[in-house]
Structure formats: C-alpha cells, structure tokens
C-alpha cells in the first residue's frame, strides 16, 4: 500500500519543533529547551507494534533513506528544499552523479544545520555515518556498543549538560536488511534497542525532552528486478540516481513508457515537489508499488537483502514517535 508522506505530521514537522524548542520558542510537542533525539534506524511503526513499543504514529519523508532523513532532522528543511534525495544525487554544478558517503556537505553550501558548537552527536565508531556526522559538527562522540552508547549519552548529559544531543542507533536497520524486518533476529534486536532507549529517556526526562523515533521502516523484499541499463540511459539526459526503491531521473522525455510493464509510480516534478516540500527535485521519480528492489546499479550485497526501504510503501513511511519529558 502506497502512502504519501504527510509533512505536517512527519519528521519534517518534528525537526521544526526541535529547532524552535532549542531557540526557546513555544512548540506543541516539545516542552523543554533541551532536547535528546534518539534515532533508531529502521524501526518502522509496523515493527514497533509487533514488539509492543507504545508510540504515536507519524510519517517519514520521501525518499525514505537515512541520509535524506538526517539532513531534514538536523536542518529543519524538507527534502525538496535541501535536495538530498538519497545516497546518490546529481551534482548540478559539476554535472555528475556523486555518492554522499564521500562527498556529503562538499556538494551544497545551502545545507545549514541548526546545531551549535556545544551540541553533541553520538554515533558508532568504524561506520560510514560517523564520517558524515563529522562534517556537521566537531562534537561527534564515537561509541562501541549499544550499551556504551547509552552510558556515554547519560554521562555527557549529566556532566556537560548540552542543549542538544543526537544519538544514532543503526542496529535494527542492519539486522533487518540481512534477515528481514519481521525475522526473529530483527524482533529481538528491536526489542532490546527500544528498551535501552526508553530506559535512557526515563533517566533523563527531568532535564531533557527525550524524543525516540526512527528514520524509516522496512519492507520484506520479495524479489529483484534487473533493469535494462541500455534502454533506460538512451532516454535520459543524465544517468539515474537515487536508490533501489526510488529511482530519480532527469530527462525531457516522460519515462512512463520505459516502466509501463513494471508495477511502479512515475512521479512528475510537480507531484514530487508537493510530496517533498520544495522545488529542489529531479524531473521524475520512479517508486515501486510492490516489495521488490529495482536494480539499475550492480550490487551483489544489496541484491541479497531481505529487508529494504527508500520508497513510499506504508511500512517504509510510517514510523513511531515517543516523547518523554
């Protein structure tokens, strides 16, 4: 089931509330002017329900990709404004497709996070995300296990008392990719991580508004479609970008005919701008209506995944939100 993100009750609206609260402006959701944001990567609302994690239901943003969500959360801008539409994006200035793991923040001077110099991000050591966060702020604290993450966050809150802390927990997402979102492996991981997050929230809620949420959920992968590269590229102005469940296209020709035999939505620029909240979008986006991966790029590891995300399936878009304060 396709669900278009409702931006007024989404991670975008939450990001605006966080920014306003940190600047001592009144918000409906957040009561304090100090915030701890805990992001559990890959914890969709459907998964949260299965492990009995009691939370409000809100929407992610499109595309449901971690880098897109992180940019929205830390800038209070929707994807259609900041333009980070997945890990692969089109660099207009240099006329090439780039991978943001290597070039995040180098490609756009218009991305301005609301973080101050004292704000703290905690992320797992020895993972690509810590490189991304290091380009946002100097105060990136590496941790070495989920339990270490909780201990360090608590210690920093009590000793340094920063106005904003962001704790990124990627474990549910990692397990879900390899075993599927409703496997016993993922259910156990999700239960353990949410328990740790709630314990930390209860310990710090007197001093902080503690927000527990996710960037996206996962669909159980039901197959792989290998797209015809030659047929696609000859109809485009530049190679596709985006990801396996959100193919972004720049072309003067409507690509609907290319994909007429596939169960996909072909979103025009105007529709895409409405869904993403701004005009900084490609000409078209191709979004699967089924639970398959659409492979333009060869990636043996990705093709083996049993859980994935990036599209607008209900399981990808709907996420939990719990605030303790």
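In the UniProt record's numbering, the protein residues as written are 1 to 325. Built from N, CA and C at the ideal position, the CB exists for glycine as well.
Cβ separation of residue i and residue j, assumed to be a contact under 8 Å, to the nearest whole Å
{"i": "residue 5", "j": "residue 242", "result": "Not really, about 16 Å apart at Cβ, beyond 8 Å."}
{"i": "residue 40", "j": "residue 67", "result": "At roughly 16 Å, the Cβ-Cβ gap does not stay under 8 Å, so residue 40 and residue 67 are not in contact."}
{"i": "residue 167", "j": "residue 319", "result": "Residue 167 to residue 319, Cβ: 16 Å. No contact."}
{"i": "residue 14", "j": "residue 217", "result": "Actually they do not touch by this definition, with Cβ atoms about 16 Å apart."}
{"i": "residue 279", "j": "residue 273", "result": "5 Å"}
{"i": "residue 164", "j": "residue 22", "result": "6 Å"}
{"i": "residue 156", "j": "residue 136", "result": "With a Cβ gap of about 17 Å, residue 156 and residue 136 do not count as contacting."}
{"i": "residue 310", "j": "residue 245", "result": "4 Å"}
{"i": "residue 177", "j": "residue 308", "result": "7 Å"}
{"i": "residue 79", "j": "residue 276", "result": "4 Å"}
Residue i burial status per 10 Å Cβ neighbour count (16 or more: buried)
{"i": "residue 8", "result": "exposed"}
{"i": "residue 282", "result": "buried"}
{"i": "residue 107", "result": "With a pLDDT of 46 at residue 107, under the threshold of 50, the modelled position of that residue is not reliable, and the figure given next carries that caveat. With 16 or more Cβ atoms within 10 Å of its Cβ, residue 107 is classed as buried."}
{"i": "residue 116", "result": "exposed"}
{"i": "residue 256", "result": "exposed"}
{"i": "residue 151", "result": "exposed"}
{"i": "residue 95", "result": "In this prediction, residue 95 scores a pLDDT of 49, lower than 50, which makes its location untrustworthy; the coordinate-derived value is nonetheless stated afterwards. Burial call: exposed."}
{"i": "residue 409", "result": "Outside the displayed span of the chain (1 to 325) sits residue 409, for which this structure offers no information."}
{"i": "residue 298", "result": "exposed"}
{"i": "residue 223", "result": "exposed"}
{"i": "residue 233", "result": "exposed"}
{"i": "residue 77", "result": "buried"}
{"i": "residue 254", "result": "exposed"}
{"i": "residue 139", "result": "buried"}
{"i": "residue 316", "result": "buried"}
Backbone CA spacing between residue i and residue j [nearest angstrom]
{"i": "residue 289", "j": "residue 2", "result": "6 Å"}
{"i": "residue 171", "j": "residue 51", "result": "15 Å"}
{"i": "residue 133", "j": "residue 235", "result": "37 Å"}
{"i": "residue 207", "j": "residue 35", "result": "9 Å"}
{"i": "residue 230", "j": "residue 129", "result": "33 Å"}
{"i": "residue 247", "j": "residue 33", "result": "39 Å"}
{"i": "residue 82", "j": "residue 145", "result": "32 Å"}
{"i": "residue 314", "j": "residue 204", "result": "32 Å"}
{"i": "residue 44", "j": "residue 322", "result": "13 Å"}
{"i": "residue 162", "j": "residue 154", "result": "11 Å"}
{"i": "residue 296", "j": "residue 227", "result": "5 Å"}
{"i": "residue 131", "j": "residue 268", "result": "34 Å"}
{"i": "residue 192", "j": "residue 237", "result": "47 Å"}
{"i": "residue 212", "j": "residue 305", "result": "26 Å"}
{"i": "residue 119", "j": "residue 87", "result": "25 Å"}
{"i": "residue 215", "j": "residue 312", "result": "13 Å"}
{"i": "residue 220", "j": "residue 57", "result": "20 Å"}
{"i": "residue 20", "j": "residue 265", "result": "36 Å"}
{"i": "residue 302", "j": "residue 160", "result": "40 Å"}
{"i": "residue 25", "j": "residue 49", "result": "33 Å"}
{"i": "residue 324", "j": "residue 270", "result": "38 Å"}
Coarse secondary structure for residue i, derived from DSSP in three states
{"i": "residue 323", "result": "strand"}
{"i": "residue 197", "result": "helix"}
{"i": "residue 116", "result": "coil"}
{"i": "residue 180", "result": "coil"}
{"i": "residue 242", "result": "strand"}
{"i": "residue 260", "result": "coil"}
{"i": "residue 51", "result": "coil"}
{"i": "residue 289", "result": "coil"}
{"i": "residue 166", "result": "strand"}
{"i": "residue 145", "result": "coil"}
{"i": "residue 123", "result": "strand"}
{"i": "residue 3", "result": "coil"}
{"i": "residue 220", "result": "strand"}
{"i": "residue 46", "result": "helix"}
{"i": "residue 9", "result": "helix"}
{"i": "residue 276", "result": "helix"}
{"i": "residue 107", "result": "Low local confidence applies: a pLDDT of 46 at residue 107 is under 50, so the model's placement there is unreliable, with the coordinate-based value given in what follows. Residue 107 falls in the coil class under three-state DSSP."}
{"i": "residue 318", "result": "strand"}
{"i": "residue 20", "result": "helix"}
{"i": "residue 301", "result": "helix"}
{"i": "residue 57", "result": "strand"}
{"i": "residue 212", "result": "strand"}
{"i": "residue 154", "result": "helix"}
{"i": "residue 161", "result": "coil"}
Member of the options whose CA lies at the smallest distance from the CA of residue i
{"i": "residue 125", "options": "141, 137 and 203", "result": "141"}
{"i": "residue 75", "options": "17, 43 and 239", "result": "17"}
{"i": "residue 263", "options": "294, 273, 10 and 272", "result": "294"}
{"i": "residue 182", "options": "212, 254 and 42", "result": "42"}
{"i": "residue 195", "options": "53, 240 and 316", "result": "53"}
{"i": "residue 180", "options": "291, 11, 123 and 317", "result": "291"}
{"i": "residue 148", "options": "200, 159 and 113", "result": "200"}
{"i": "residue 300", "options": "225, 160 and 209", "result": "225"}
{"i": "residue 55", "options": "259, 12 and 197", "result": "197"}
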